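A.B. asks: Once you've had a glance at the structure underneath, I'll fire off some questions.
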Amino acid sequence: MKLKRTTLTAGLLATVFFGAVAGAQQVRLMTGPQGGSWYPLGGAIANIAGKAGVKVQVLPGAGIANVKAVQMGKADFGFGNSISTVDGVAGRAPFDTKADNVCNVATLYPQYFQIVANADAGIDSLADSKGKSIAVQPRGNTAEFITAQMLEVYGMTYKDMNRVSYVSYTDAVSLLKDNNAQLFTLGTTVPSSSIMDLASARAIKLIEVPDDKFQAMRKLNPGYTKLVIPANSYPGQDKDVQAVGYATHVIARCDLEQDTVYKILQGIVADKADLEAIAKAMAPTTIKMMAEDIGVPLHKGAERFYKEKGVI
Numbered sequence: 215m216k217l218k219r220t221t222l223t224a225g226l227l228a229t230v231f232f233g234a235v236a237g238a239q240q241v242r243l244m245t246g247p248q249g250g251s252w253y254p255l256g257g258a259i260a261n262i263a264g265k266a267g268v269k270v271q272v273l274p275g276a277g278i279a280n281v282k283a284v285q286m287g288k289a290d291f292g293f294g295n296s297i298s299t300v301d302g303v304a305g306r307a308p309f310d311t312k313a314d315n316v317c318n319v320a321t322l323y324p325q326y327f328q329i330v331a332n333a334d335a336g337i338d339s340l341a342d343s344k345g346k347s348i349a350v351q352p353r354g355n356t357a358e359f360i361t362a363q364m365l366e367v368y369g370m371t372y373k374d375m376n377r378v379s380y381v382s383y384t385d386a387v388s389l390l391k392d393n394n395a396q397l398f399t400l401g402t403t404v405p406s407s408s409i410m411d412l413a414s415a416r417a418i419k420l421i422e423v424p425d426d427k428f429q430a431m432r433k434l435n436p437g438y439t440k441l442v443i444p445a446n447s448y449p450g451q452d453k454d455v456q457a458v459g460y461a462t463h464v465i466a467r468c469d470l471e472q473d474t475v476y477k478i479l480q481g482i483v484a485d486k487a488d489l490e491a492i493a494k495a496m497a498p499t500t501i502k503m504m505a506e507d508i509g510v511p512l513h514k515g516a517e518r519f520y521k522e523k524g525v526i
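Note that the sequence shown covers residues 215 to 526 in this note's numbering.
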C-alpha cells in the first residue's frame, strides 16, 4: 500500500490498523471515491467511533455499490444517497433484488447533482451535449445512474454521445482541462472541490435543470428534490442555477448490533463539528433532520437514540 503523507491518511491508518484497543469491535464502512466528500467523512467517523471502542475499516465505494455491499454483508455501514437507497429497498433498477437488510441511521446533508461544461463547448442545455464527449463516474455510483436518467428525460442515451468516460472526479477534471471531454456530471456538495479545480484552469458553465425536466425526473424517482446552486458558488457563475437534489445518509445492516449503531450515531452527533469541517453542508443539520423518514427503515439502534433525544 503506497502511503500518502497527509494528515487524513495518517488518521485513517491509525484508526483502521492500530488505533483501537485490543478486543474492540471491528466494522467496515463503505464511503466514496477519492476526490469527493465521502472518503474524508469516513475517516472522521472512524476517528469518532474509535473513541467509543469501535474500530472502523474505511473502504472506498459509491452510493449504489454501498447499498449492495451492506445488503450482501460485505460492509456493515455505508454512505448512501436517499434516492438510490429507496430504489434498493424497493428492488427497482439498478437493483436486481430488494435490499431487505439495509436500514437508515442518519441523514447528513443535501447532495447536488451538478452538470458542468467547458464554457467554449457550446453547451447551454443538456440537449446540446449530443455528439459531445462526457465524463461520468464509474457504474455503481449514484451520479452515474442519475446522468443516464437525465439523458433519458431529454430523449437521449449514452449512445448519443461521442464518447463516455467512466472515471473518478480527478480524472474527469483532467479530461475537461485537456478538452478530451466537454461535460462532467457529479453528485456532491456545493461548492465542489473538483469543479473549483476545473475552474482554476478553464472557464466553465453550470447547466441548469429546468422545471419540466425536473418534473420528468420526479416521475422516474419521487425522491428527487429541487435545489438551487447559489450564484457565485463558482468562478464566473453570476446567477442561481436550478439543480436536482437528494440526501446523503448513513446506512447499516439491519441485523447489526443495536449498541454498535447507537454508539457511532451518538458520536456523530456529539462530534458533528468534525464532520462539518469536511462537509460544510452539514452545519444546518439538526438531530431532528437526521431522524427524518426518507423511505428507508430506521435501524433499531438509531431509533433508540432518536427516541431518547425526543425527536421521534
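A virtual CB, placed ideally from N, CA and C, is assigned to each residue, including glycine. Model, not experiment: these values are computed from the prediction.
Suppose only complete runs of 3+ residues qualify. What are the beta strand (DSSP E) ranges in the region 334-365, listed by chain order?
C.D. replies: Those beta strand (DSSP E) runs which fall completely within the region 334-365 and span 3+ residues are 347-350.
A.B. asks: Who are the Cβ neighbours of K312 in its own chain at under 8 Å, not counting the five residues just before and after it?
C.D. replies: G302, V303, A304, G305
A.B. asks: Quick check on the burial criterion: 16 or more other C-beta atoms within 10 angstroms. Buried or exposed for A395?
C.D. replies: buried
A.B. asks: For the putative contact between Y520 and S296, defined by C-beta atoms under 8 Å, what is the C-beta separation to the nearest angstrom?
C.D. replies: Y520 to S296, Cβ: 17 Å. No contact.
A.B. asks: Pick out the complete beta strand (DSSP E) segments inside the region 258-344, 3 residues or longer, and give them in chain order.
C.D. replies: Under the rule that a run must span 3 or more residues, the beta strand (DSSP E) segments found entirely inside the region 258-344 read 268-273, 291-295, 316-332.
A.B. asks: Of all the CB atoms in chain D, is at least one closer than 8 Å to the CB of L397?
C.D. replies: In the displayed structure, chain D is absent; only one protein chain is listed.
A.B. asks: For A276, count the other beta carbons within 10 Å of its own beta carbon; 16 or more makes it buried, fewer makes it exposed. Which is it?
C.D. replies: By the neighbour-count criterion, in which 16 or more other beta carbons inside 10 Å mark a residue as buried, A276 falls on the buried side.
A.B. asks: Does DSSP classify T402 as helix, strand or coil?
C.D. replies: strand
A.B. asks: Pull up the CB-CB distance for A493 and L255, whole angstroms please, since I reckon it's below 8 Å.
C.D. replies: Yes, they are in contact, since the Cβ atoms of A493 and L255 sit about 6 Å apart, within 8 Å.
A.B. asks: Where does the unbroken alpha helix (DSSP H) through I482 begin, and where does it stop?
C.D. replies: From DSSP, the alpha helix (DSSP H) with I482 extends over 472-484.
A.B. asks: Report the partner residues of Y460 according to the DSSP bridge assignment.
C.D. replies: Q325
A.B. asks: For Y253, which of helix, strand or coil comes out of DSSP?
C.D. replies: Helix.
A.B. asks: For S343, count neighbouring C-beta atoms within 10 Å of its own C-beta (all shown protein chains included) and say buried if the count is 16 or more, exposed if not.
C.D. replies: buried
A.B. asks: For N261 and I482, what's the separation of their Cα atoms in angstroms?
C.D. replies: 10 Å
A.B. asks: Just to confirm my understanding: we take K486, look at its own chain, exclude 5 residues before and 5 after, and list those with CB closer than 8 Å. What are they?
C.D. replies: The answer, listed in chain order, is M496, T499.
A.B. asks: Taking one C-beta from the region 307-327 and one from the region 376-390 each time, how about it: are there three or more such pairs within less than 8 Å?
C.D. replies: No, they do not touch.
A.B. asks: Apart from the five residues just before and just after L412, which ones in its own chain have a Cβ nearer than 8 Å to its Cβ?
C.D. replies: V330, V387, L390, K391, F398, I418
A.B. asks: Nearest CA to the CA of Y438: which residue from S251, N332, A357, L273?
C.D. replies: A357
A.B. asks: Which of the three DSSP states, helix, strand or coil, is assigned to V525?
C.D. replies: coil
A.B. asks: What separation, rounded to the nearest whole angstrom, lies between the Cα atoms of Y253 and D426?
C.D. replies: 34 Å
A.B. asks: Taking the Cβ atom as the reference point for each residue, do A341 and Y368 lie within a distance shorter than 8 Å?
C.D. replies: Yes, the Cβ-Cβ distance between A341 and Y368 is below 8 Å.
A.B. asks: What is the DSSP secondary structure of V235, reduced to helix, strand or coil?
C.D. replies: With a pLDDT of 40 at V235, under the threshold of 50, the predicted position of this residue should be treated as unreliable, though the coordinate-derived value follows. The three-state secondary structure of V235, taken from DSSP, is coil.
A.B. asks: Let me make sure I understand the geometry here. Which of P324, L400, N332, A333 has the alpha-carbon closest to that of V350?
C.D. replies: In terms of Cα proximity to V350, the closest of P324, L400, N332, A333 is L400.
A.B. asks: Could you tell me if T361 is buried or exposed, where buried requires 16 or more neighbouring beta carbons within 10 angstroms of its beta carbon?
C.D. replies: buried
A.B. asks: In angstroms with no decimal places, state the Cα-to-Cα distance between Y476 and R518.
C.D. replies: 7 Å
A.B. asks: In angstroms with no decimal places, state the Cα-to-Cα distance between P414 and S407.
C.D. replies: Strictly speaking, residue 414 in this sequence is Ser, with Pro absent from that position. One C-alpha to the other measures close to 10 Å.
A.B. asks: Identify the continuous beta strand (DSSP E) that holds T439 and give its terminal residues.
C.D. replies: Where T439 is concerned, the enclosing beta strand (DSSP E) stretches over 439-443.
A.B. asks: Rounded to whole angstroms, what's the CA-CA distance from A445 to V458? Just pull it up for me.
C.D. replies: 16 Å
A.B. asks: Residues in the same chain with beta-carbon distance under 7 Å from T321, minus the five sequence neighbours each way, listed in chain order, please.
C.D. replies: A461, H463, M503, M504, E506, I508
A.B. asks: In three-state DSSP terms, what is A466?
C.D. replies: When secondary structure is reduced to three states using DSSP, A466 falls in the strand class.
A.B. asks: Find out if the Cβ-Cβ distance for the pair I443, D454 is shorter than 8 Å.
C.D. replies: yes
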